[in-house]
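Below is one structure, written out as structure tokens; comments come after it.
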Amino acid sequence: MSRVMKDSGIEWIGNIPVDWNVIRNNGIFRERKEKYSMDDCDYELLAVSEYYGVAKKKDKISDGEYLTRAESLDDYRICRKNDLAMNIMLAWKQAYGISDYEGIISPSYAVFEPFDIHPKYYHYLFRTDLYSGLFRNNSTGIIDSRLRLYPRVFLTLYSHHPPIEEQQCIVKYLDEKVSQIDTIINKTKVSIEEYKRYKQSFITETITKGIDPAVTMKNSGIDWLPRIPKSWNKTKLKNICRMKSGDNLISVEIDSTGEYAVYGGNGIRGYYPEYNRDGTYVLIGRQGALCGNVKFVEGKFWATEHALVTEFTNACNPKYFLLLLQTMNLNQYSLSSAQPGLAANQILNLQVCLPDLQEQQEIADYTLKRLDSIDKLLEQKTALITELESYKKSLIYEVVTGKKEVK
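Numbering (the working numbering), first residue to last: 963 to 1369.
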């Protein structure tokens, strides 16, 4: 039996269950204006993000970063457990959420105290596209980076308002379902990382040892590669290839569509009506945090100054050469930590091992065939994550807006 619905009287909300209401936010939230003083007890610093809502700032610090505190925390806003904390500059991007913690947040943010509601229901509700769109439309500013959803405006907006008992049922249902979905997503992400590590170790194994498990090995005299098959030779990259930076192309000249792909330091940047390379090449990212990544490119294209264009001699199979460079972790040879970059002369003087051309071809064919299978599996797992995220988003929307009834 379909659920009995009624007109909410609010155009953008549309129909709601017959026993639900709509309510202005000032009927269920009031702005909390408590401010922190250095004389107060020590409060936890909280972060507010579009990605996770509200969290302890110390839990969201990346490796190598440090938790810093402002010189003075006076005027920081106190946020109580179950309060709605909002970054008013990014409300249109869902930078808000119900807090599970007592703490303090930036004085530029807003804090709202809930009353007579189940706060977690509104956490789910407000983080739907329906409400982030509403918040965007009611934010003030001429460009996205200047948009502000001021507290007085937020409090005048209407929201869905189911009976409190149903709010509780919805939260219980969604907590369980979202947890189940997130568990599958997280396990899939872990699996993807494991396959990526296996993929790299497989490349290293075949490119540095070959595909004959019974091959006799010898000392190589190469620091990064102590032992190699007995029949292989060592040489420097400069003896088997040439490297040269691409040509400058300003961003305004690059289009989103066009005849010839433009390659920068990390893949295709766009398109351009002319080309400066025609053939088979391996491109090495020359600048930035991702310098050292390698890509195989064939045909006509434009290489920018951010890529090292590599041409090979007849002694090297292009696909084998690509895989060889992938094993070398070229990023470790970047010259600066502030703006990492690779110098062609330094790379060309690195020593490598090289089988004969026939064995290079055999190794490349074997390796790429296996990598293709791994990549297809990774694509399937990535697609599964996308589907699950979409399903979770749809499920939350259907339930919190009353289109799907839960008990």
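Note that the Cβ used here is the ideal one computed from N, Cα and C, for glycine as well. Everything numeric in this text was worked out from a predicted model, so none of it was measured.
Separation of residue j from residue i, as counted between CA atoms
i                  : j               : result
alanine 1156       : threonine 1363  : The residue you asked about is not alanine; residue 1156 is glutamate in the sequence shown. When rounded, the distance between both Cα atoms is 39 Å.
tryptophan 974     : asparagine 1099 : 12 Å
asparagine 1276    : isoleucine 1202 : 8 Å
glutamate 1006     : aspartate 1036  : 14 Å
glutamate 1349     : lysine 1139     : 15 Å
leucine 1357       : proline 1188    : 55 Å
phenylalanine 1283 : glutamate 1324  : 13 Å
lysine 1262        : glutamate 1064  : 59 Å
glycine 1254       : valine 1010     : 34 Å
alanine 1265       : tyrosine 1237   : 8 Å
tyrosine 961       : threonine 1289  : Beyond the ends of the chain as shown, which are 963 and 1369, falls residue 961; an answer cannot be given.
proline 979        : valine 1361     : 11 Å
lysine 1019        : isoleucine 1230 : 36 Å
lysine 968         : leucine 1119    : 20 Å
glutamate 1367     : tyrosine 1084   : 17 Å
lysine 1281        : lysine 1055     : 43 Å
Beta-ladder partner(s) of residue i, from DSSP
i                 : result
tryptophan 1264   : Val1224
methionine 1205   : Thr1272
aspartate 1240    : Lys1262
phenylalanine 991 : Pro1076
threonine 1102    : Arg1110
alanine 1047      : Gly1059 and Val1073
asparagine 1195   : Leu1316
proline 979       : Met967
Span of the alpha helix (DSSP H), counted from its first residue to its last, around residue i
i              : result
histidine 1122 : Histidine 1122 -> not in any alpha helix (DSSP H); beta strand (DSSP E) instead, spanning 1120-1123.
serine 1182    : Where serine 1182 is concerned, there is no enclosing alpha helix (DSSP H), although the beta strand (DSSP E) it sits in stretches over 1179-1184.
glutamate 1349 : 1319-1362
proline 1280   : 1280-1289
glutamine 1308 : 1306-1310
Exposure label - residue i; buried when at least 16 CB within 10 Å
i                  : result
serine 999         : exposed
valine 1373        : Summary: the structure shown does not reach residue 1373, with the chain confined to residues 963 through 1369, and so no result is reported for it.
phenylalanine 1077 : exposed
threonine 1170     : buried
asparagine 1210    : exposed
leucine 1285       : buried
lysine 1192        : exposed
valine 966         : exposed
aspartate 1025     : Legend: pLDDT at aspartate 1025 = 44, less than 50; position of this residue unreliable, no value from coordinates given.
aspartate 1177     : In the sequence under discussion, the amino acid at residue 1177 is valine, which differs from the aspartate named in the question. Label assigned to valine 1177: exposed.
serine 1101        : buried
methionine 1048    : buried
Unbroken beta strand (DSSP E) run spanning residue i, endpoints
i              : result
cysteine 1131  : Looking at the DSSP string, cysteine 1131 is not in any beta strand (DSSP E); the run it does join, the alpha helix (DSSP H), is 1126-1171.
glutamine 938  : Any question about residue 938 goes unanswered here, given that the chain covers just 963 to 1369.
tyrosine 1086  : Element bounds for tyrosine 1086: not the beta strand (DSSP E) but the alpha helix (DSSP H), 1081-1088.
asparagine 983 : 983-986
glutamate 1006 : 1006-1011
glycine 1015   : 1015-1018
lysine 968     : 967-969
valine 1314    : 1313-1316
The segment 1302-1319 contacting the segment 1335-1347, beta-carbon criterion three pairs below 8 Å: no
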